[in-house]
Amino acid sequence: MCSTPSASRNNNDAIQHGPSYNDKRSNLMRGSSEQTPRYGAQMQLTTTQAHLNTSRKEEFLKRFEPPSKRSRFDRREEFLKRFEPPSKRSRFNIKDDSSLSFVSSNGSSREARYLRKRNEQSKSCPSMKSFNTVQELVRCAFENRAQMNPSSLAAFWNQASCLLIRDNPSQCLEPIISREMQCLYAMTYASVDDFGTIHISEILNAMGNIVKRECNGSCGEAFLYDLLAGNGVESKDNIFHAFANIIVCRLDKFGTRAIVNVAMAFAHIGLVPECYEGKNLFYHIAQRALRSISHFSPEGLSKLAWSFAKVNVRSPQLFAAIVEASERCMKEFNPQSISIMLWGFARNEECYVRLFEMATKKAISCLSEFKPQELTNTVHAFATSKHSNHTFFEKVGEEAEARIESFIPQNLANIVWAYATLGVSHPRLFKAVAKKAISSSSRFSSQELSTTAWAFATAKVDALNLFHVIAENSMAKLDKFEPQHLSNIVWAFATSKIPHRRLFEAVADSVLCRRTEFSPLQISTLIWSYAYVPVGSVNIHLYSELESIVIASVDACDSQFLANIAWSYAVANVEAPCLFQNRSAFVNAILSRKDKFSLRELCQLHQWILWQKEIKSDLTVPSNFQQLCYNAYIKRSPSSSAFQRSVISELKSIGLEPQEEYLLADCGYMLDALVEVNGESVGIEVDGPCHFAGREPLGKMKLKHRQVLNIEGIRVVSIPYWKWDGNPNKQEYLKSKLDMIY
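Here the sequence shown stands for residues 3 to 744, numbered as in my numbering.
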């Protein structure tokens, strides 16, 4: 949900110290006869690294030419000939240019001539920034590939990334462009060892930006995504692991900005490559960052935390150091850095109270400078970390309310989610969000619809019009809902007591088609929602079909799951013999966890036990567990209301003697009143708004009335609030209700 920060593309602070990459490995390469020397001292690699570089490039080049024992220059010569007309001079025409022949064991004269030739060639390579479309850029880069050096390759990938972000091309790349793109990709892969630290960070940043977009419906982007990430991640692993190994070897030469760019690039790509000594790249980045943590800018510190959080890599030592460094420069943090920093710490479950307190003070001082995305990301981080600050949330609510028209659907959903999660009340903000959401509901994604509904339900905010709009938009795009979104949205409607029949029916059909995709918690939430707010007739097919899924999920269930499932089947009155039978996995799970149930869950299980008696099942529940559930149920304190007292008064006025708060000892239910009518006991239930979803009785109310009748033999008369309020003939109304029984 967090916006993706852009990585810096410059690296003006690259650190140059310590022995060079080549010097470190010069002594280890002597004696290796398998590797062809390359440009003199630059090829002084370790035997292991040299073997990795050679095998990697040869493996990739095999995609374009048959196996060959020729040198690297010959392989590149042959490779490039595959992609250019015979009339053009190739990049390394060794036959016509004796200056590039291998004549020196140390390679000094050859390297100088090679670099001179590369510089001459690069002068004729056009600027990559002069193109306005990806097609033009790719075609030009391909036609000038003989002049492409590391700098121009880095510029090519940077411009390709910028054009994709700017234009989002809607048409497929032509087949010839696809082939040319493959060539440029292969050139980049074959030149991994040639890139400097700046080039590496720039190319990785550009490739990361391409991959993170995940096509977004564009065939052109889809091709680039598949090229870089690969359908089976093979391509991604090849080139990005190659870059990772080079980075680890040269990490001491990377400046702070380049370190951040590399970390962000791999975070965008979603890859944590394994490197040397069984350590991943992010471990090495953390160690390198710790050595110069005081040199990182506020932007660099925040993006470093964001990157580690994005790939779920924990590094407590690094995050503690980031907090210390941030404390020294918190005054320099801007809104983006604050929001990214807090999001990273929240996502990585690194809750440093001191950091959040410092960030709160800074954020309050510049709240008007926050963009909507930064504002919502910040409160989202507070909610994720369960860190609340009343003053901060009050001011954020006022700021968001004043600028609500600039909020996009994601911002609207995230900000109410944060307030609802922390239980922070801000009625004006929720009212403003509801109004804005109704007017822009067609732009909400399935996740945003689900999140918004969940937040309003959790915060107990009355927004009937909003829920109806959410229902209509959800039904139009139900096939795009993830299982979590489906379970959340029906839970929200059930909790808000809004019985939207068409939505519930549509979701039920979708669940039945995709039932194997749901987790145990999602199944439990769905079944509970349909029981809590019965919409029309019970969907017996839904409960029957989900029975096998529940049985298969028992081992992964917690106590809440078990109690919700048992109670829901009791409310729906749908028998499930395989689920509820002696020694079944479900029943055994309940009995084995009897000490782990909460008071509410024990009350649910009490009603489930009553249901087994009601349907006269063969299930045997130990008496001590039955007593445990019964005691929990009767512990609930009775409550009285003015509505109830008014009904009792009118019952007395018509000559009845109601027994208030009457406990039915056998089943544990308590009736608001019990009266004698014509020698028969009649239960009176005074039902206020909390007992209804609209005008439909809730599942718990139906269950109570049914079980009192079937177990105790006492009929229950319901006095709904809308029939009582404003009724001038209350006594006549009561007489008619009681006479209807007999």
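Just so you know, even glycine gets a beta-carbon here, dropped at the ideal spot from N, CA and C.
Take the alpha-carbon of H382 and the one of F242: they are about 32 Å apart. Going by DSSP, S594 is part of the alpha helix (DSSP H) stretching over A587 to S594. The beta carbon of D689 sits closer than 7 Å to those of M703, S720, I721, P722 and Y723, all from its chain and outside the five residues before and after it, given in chain order. Contact annotation: the region 617-627 does not touch the region 647-654, with fewer than three C-beta pairs closer than 8 Å. Between the region 471-484 and the region 664-681, the count of Cβ pairs shorter than 8 Å is below three; the stretches do not touch. Membership of V537 in any alpha helix (DSSP H) is not indicated, and neither H nor E is assigned to it by DSSP.
The criterion of a C-beta distance shorter than 9 Å is satisfied by L344 and T380. Selection E714, S683 and I553 evaluated against E616 yields E714 as nearest (Cα-Cα).
The residue from P660, A457, A455 and A143 with its alpha-carbon nearest to that of L740 is P660. For L673, the pairing in a beta bridge is given by DSSP as Y664. In the same chain as L283, and ignoring 5 residues on each side of it, the C-beta atoms closer than 6 Å to its own belong to A246, P275 and C277, in chain order. The secondary-structure analysis by DSSP pairs F694 across a beta bridge with P699. Between G302 and Y421, the alpha-carbon positions lie close to 29 Å from each other. One thing to note: Y534 has its Cβ within 9 Å of the Cβ of L700. A direct Cα-to-Cα measurement between E519 and V492 gives close to 17 Å. Taking C-beta atoms as the reference points, G257 and T190 fail to come closer than 9 Å.
Just so you know, the alpha carbons of F627 and A434 end up roughly 49 Å apart. For the 9 Å CB-CB criterion, F432 and V418 form a contact. In this structure, the straight-line span from the alpha carbon of Q375 to that of S408 is close to 10 Å. Of the candidates K654, Q137, C164 and P128, the residue whose Cα lies closest to the Cα of N151 is P128. I721 is bridged by DSSP to V688.
Residue pairing from DSSP leaves V418 without any beta-bridge partner. For R517, no alpha helix (DSSP H) segment is defined, and its DSSP state is neither H nor E. At the C-beta level, G280 and V213 stay beyond 9 Å of one another. A Cβ-Cβ distance of about 7 Å is found for the pair I287 and V264, placing them in contact under the 8 Å criterion. Looking at P522, F563 and A496, the one whose alpha-carbon comes closest to that of K462 is A496. Residue environment for I656: exposed (fewer than 16 other C-beta atoms within 10 angstroms of its C-beta).
For N490, the enclosing alpha helix (DSSP H) stretches over residues P485 to T497.
For V264, the secondary structure class from DSSP, reduced to helix, strand or coil, is helix.
Taken through DSSP and simplified to helix, strand or coil, E678 comes out as strand.
DSSP, reduced to helix, strand and coil, places S367 within a helical segment of the structure shown. A162 is not a Cβ neighbour of V194, given a cutoff of 9 Å. In the DSSP annotation of this structure, the continuous segment of the alpha helix (DSSP H) that includes I212 starts and ends at T199 to K214. Nearest C-alpha to N712 among F347, W613 and S153: W613. In this model, V718 and S441 are separated by some 45 Å (Cα to Cα). Taking C-beta atoms under 8 Å as the contact rule, I529 and S555 fail to qualify, at a distance of about 11 Å.
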